[in-house]
Structures are given as C-alpha cells and as structure tokens.
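Numbering (the working numbering), first residue to last: 287 to 692.
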C-alpha cells in the first residue's frame with residue numbers, strides 16, 4: 287500500500303551562491319535590495335540550529351527510517367547548470383559505467399542504457415567541466431551536512447576524516463545518469479562492518495545518510511517517464527535510534543511488534559564486545575543499556591549466504607523462539623539462485639512489492655527535489671526509466687568508522 291509523501295513545498299528564487307528556497311515555520315521574510323523574498327541564508331561555521339536550510343519535520347522523518355522529500359529545494363536556475371555540466375562530461379566520456387543497473391531482457395551490454403557515474407576523482411578534478419559550480423554546490427551540501435549532524439544527533443557527521451577526505455562538501459558525491467530502460471534492484475546503501483568481511487573494518491569512514499538532488503525537468507511524470515525512487519519503509523514507527531547506536535554499532539535487523547511488546551525495535555550487531563569475527567545482537571533499553579538477544583557467533587558464513595535469516599532464527603536465539611519469530615534482517619543476502627526462485631530472472635524494473643510489514647514510497651525524480659534517508663535501514667530501488675535519460679547528483683554523508691575490535 288502506498289501512502290502520501292511528506293512534501294515540503296518551496297518557491298524559487300536565486301541569490302548569490304546556491305541558496306535553496308523552502309518555506310517552513312522558522313523562516314522569516316527578509317529584505318534584499320529593497321524587495322521582500324522568502325529565502326534562506328547559507329549557514330557558515332558550526333550550525334547552532336538557527337537559520338535552517340531544511341525544515342524541522344525532515345529530521346523526525348529521517349529518524350523514523352523514512353525518506354524525507356523536499357520538492358523545489360533548488361530552483362531550475364541552479365539545476366540547469368548542474369545538468370549541463372553532467373551532460374557535457376557524459377558526452378566527453380568522463381563517466382564510468384558500473385553495470386549495477388539492469389536494462390532489457392536480452393542483448394549485449396550497452397553503456398548508453400546502463401547507470402553511469404561521474405566518480406569522485408573526476409568530480410574533484412579542477413580541469414573537468416564546470417568545476418567552480420561543483421565547488422559551490424559542494425559548499426552548500428557541507429552546510430546541509432552540518433545541520434543534519436546537529437539536528438539528528440549524529441555529531442560524527444561533522445567531525446574527523448569524514449569531513450575532509452571527500453573534498454568540498456565533505457561527502458561522497460557524483461553525477462548519475464540512467465539511460466532509457468535502466469533500473470536498479472532493491473538494496474541498502476550501507477552494511478555493518480562484519481557483513482563486509484575484513485574489508486569492512488579497513489575503511490576510515492562509512493555511509494550514514496544518503497541524499498540525491500534530481501537534475502531533470504520539473505515536468506517529469508513517473509507514469510509516463512518511469513525512473514521513480516521506490517522506498518520500502520516500515521509500516522510501524524520504530525522505537526528508538528535507527529541506523530546505528532551512539533557508540534557506532536550498526537543496525538542489522540528488526541524485532542517486530544507483538545501484543546506483549548507493541549513496539550518494533552532496531553537490532554544492532556556488536557562487533558567490539560567480542561573478538562573480530564565473533565559478534566552478538568542486541569537491542570537498546572530506554573536508558574541506552576544493551577539487552578543481548580542472541581548467542582555469540584561468527585558472521586562468516588552464517589550472514590553471508592542466501593537464506594541467512596532462516597539460519598539466524600534457527601541457530602542464534604537458543605530457546606527464545608519468541609525472539610526468533612520476531613526477528614528479521616533489514617535486507618537479507620541475495621544470490622542469483624534466489625532471484626530465479628522468486629521469478630526475478632525476467633525482472634525489468636517495474637518495481638518490487640512491499641513485504642507485509644512495509645509500505646511503499648515512490649518519489650518522482652523531478653528537477654530540484656532533494657531527498658535524504660538513512661543509508662543503513664531503508665531498502666530502495668530505482669524503477670526503470672522509459673524513454674529518456676534520468677539525471678541526478680547523488681551522494682552519501684559519512685561518519686568515521688568505529689575502531690577495529692581487538
């Protein structure tokens with residue numbers, strides 16, 4: 287069942303630099319050059335919660351594990367130069383095709399129909415395209431990052447290596463292009479370090495929040511053009527902090543609500559309390575203390591194979607069948623065989639259905655729309671485009687990685 291999106295309306299105006307134009311309760315009408323306009327000033331330095339770039343309602347939406355959708359965050363006067371830059375760099379062969387997207391059912395690989403990305407090294411290259419405009423855009427996104435860190439109580443978004451290693455904007459950032467017919471299957475953007483084997487602990491940062499600015503025309507219509515971002519949100523509002531605990535343990539699953547415990551609870555994986563490769567799952571109590579709900583276990587191979595959720599339920603909860611019945615992974619591992627068994631062999635990007643405890647959000651990729659969501663907990667896919675290219679600027683705000691267990 288689909289439900290109405292959170293839509294924060296805006297008006298278009300342009301001032302020096304990138305200045306989004308969103309109406310919310312905390313924005314005041316200000317005089318500029320003798321004319322009165324509703325607008326936002328760019329935040330500089332450490333954000334203290336004043337002069338918000340984005341409305342307060344966005345933070346509660348993200349904290350509930352949902353996608354925050356802000357139409358008209360950028361006016362077309364700012365979107366067009368970004369799209370022109372992306373299209374020019376695509377024409378010059380600066381994009382990389384990652385073959386992650388699918389298209390059609392037969393035929394040879396065609397890069398014009400796949401997803402192509404202008405990767406970070408090219409984005410940061412001052413000799414390519416409209417570098418000055420990309421720097422300007424990056425500066426704005428750095429301010430957005432600071433505001434999110436403050437209002438979501440994710441201070442690591444605004445400190446450490448994650449604020450310096452990705453260049454202007456301190457974000458993993460790229461242009462993306464989906465050719466006609468391209469789609470991207472359901473996935474999540476970040477996984478616990480233990481679910482990425484040893485490589486998971488080797489990275490200095492990890493994804494915390496995902497974001498996109500769509501660079502298409504504003505008359506994009508999903509029923510005609512396809513390309514919607516489909517999100518699989520929780521039907522029931524989760525209890526507590528989603529994505530990661532304050533100490534950096536990432537969430538891997540949920541305990542569903544029951545009549546005795548009518549709250550859906552995030553389940554985190556502790557890779558520090560035990561030796562590397564030996565972990566345990568826990569939930570957080572109201573006082574932030576941990577209640578461990580599983581036996582200690584090694585994540586490899588039990589969480590690396592298709593069908594791992596069934597194995598976890600059978601092997602890790604001991605006599606607690608009540609917990610086993612409630613538990614499920616955010617996004618179980620998949621294999622080609624499991625896709626075929628599901629009937630996905632001929633899947634052409636028309637959109638997966640929601641599970642019984644999920645509900646769908648389909649976001650139209652209209653130009654100027656900003657979307658933000660938690661990288662760990664929100665499964666999503668991109669539906670197939672139909673007859674034209676789909677352009678976006680996409681990125682991830684990172685937090686520094688927790689220390690390797692000893």
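Ideal Cβ positions, reconstructed from N, Cα and C, are used throughout, including at glycine.
Which whole-angstrom value is the C-beta distance of residue 230 and residue 643, which I expect to be below 8 Å? The requested residue 230 is not part of the displayed model; the chain covers only 287 to 692.
Return the first residue and the last residue of the alpha helix (DSSP H) that residue 608 is part of. 607 to 612
Looking only at its own chain, which residues have a Cβ that is under 6 Å from the Cβ of residue 617, when we skip the five neighbours before and after it? 474, 665
Just grab the DSSP bridge partners of residue 541 for me. 551, 613
Give every residue of the same chain whose Cβ lies closer than 7 Å to the Cβ of residue 599, excluding the five residues on either side of it in the sequence, and list them in chain order. 610, 613
Length at least 4, wholly inside the segment 337 to 425: the alpha helix (DSSP H) runs in chain order: 342 to 349, 362 to 377, 406 to 409
The beta strand (DSSP E) spanning residue 501 covers which residue range? Per DSSP, residue 501 lies in no beta strand (DSSP E) and is assigned neither H nor E.
Under a three-way DSSP split, which group does residue 509 fall into? helix
Grab me the residues of residue 480's own chain with a C-beta within less than 7 Å of its C-beta, minus the 5 sequence neighbours each way, in chain order. 486, 555, 557, 565, 585
Helix, strand or coil for residue 642, going by three-state DSSP, please let me know. coil
Is it buried or exposed for residue 377, if we count other Cβ within 10 angstroms and need 16 for buried? exposed
So the beta strand (DSSP E) residue 576 belongs to, where does it begin and stop? 576 to 578
To which residues of the same chain is residue 419 closer than 8 Å at the C-beta, ignoring the five residues directly before and after it? 367, 368, 371
Sort out for me which residues DSSP pairs residue 667 with in a bridge. DSSP, once it has assigned bridges, lists 516 as partnering residue 667.
Where residue 349 and residue 594 are concerned, what is the direct C-alpha to C-alpha distance, given to the nearest angstrom? 27 Å
Excluding the five sequence neighbours on either side, which residues of its own chain have a C-beta within less than 7 Å of the C-beta of residue 415, listed in chain order? 371, 374, 375
Where does residue 480 fall in DSSP's three states? The DSSP-derived three-state label of residue 480 is helix.
Whole-angstrom Cβ separation of residue 458 and residue 406, contact assumed at under 8 Å? 6 Å
In terms of alpha-carbon separation, which member of 409, 345, 424, 512 lies closest to residue 440? Relative to the Cα of residue 440, the nearest Cα in the group 409, 345, 424, 512 belongs to 345.
Option in 434, 400, 446 with minimal Cα separation from residue 689: 446
Could you check how far apart the C-beta atoms of residue 683 and residue 431 are, in whole angstroms? I think they sit under 8 Å. 5 Å
Alpha helix (DSSP H) segment containing residue 462, residue limits: Element bounds for residue 462: not the alpha helix (DSSP H) but the beta strand (DSSP E), 458 to 464.
Go to residue 471, then tell me how far its beta strand (DSSP E) extends in each direction, as first and last residue. 470 to 473
Does the distance from the C-beta atom of residue 552 to that of residue 526 stay below 8 Å? yes
Could you check the C-alpha separation between residue 538 and residue 577 for me, to the nearest Å? 15 Å
To the nearest angstrom, how far is it from the Cα of residue 335 to the Cα of residue 400? Any reading at residue 335 must be qualified, since the residue scores a pLDDT of 44, below 50, and its modelled position is unreliable; the value itself is stated next. Looking at the two C-alpha atoms, the distance is approximately 41 Å.
Reduced DSSP secondary structure (H/G/I, E/B, other) of residue 438: coil
Do you know offhand how far residue 581's Cα is from residue 434's? 35 Å
Rounded to the nearest angstrom, what separates residue 675 and residue 463 at their Cα positions? Spanning the two alpha carbons is a distance of roughly 7 Å.
Report the partner residues of residue 677 according to the DSSP bridge assignment. 463.
Cβ neighbour criterion (16 or more within 10 Å) applied to residue 413: Counting every other CB atom within 10 Å of its CB across the protein chains shown gives residue 413 a total below 16, marking it as exposed.
Assigned secondary structure, residue 485 (DSSP; H/G/I helix, E/B strand, else coil): helix
When the Cα atoms are used, what is the spatial distance from residue 491 to residue 597? 30 Å
Give the DSSP bridge partners of residue 659, in chain order. 496
Which residues mark the beginning and the end of the alpha helix (DSSP H) in which residue 564 is found? No alpha helix (DSSP H) holds residue 564; the beta strand (DSSP E) holding it covers 564 to 570.
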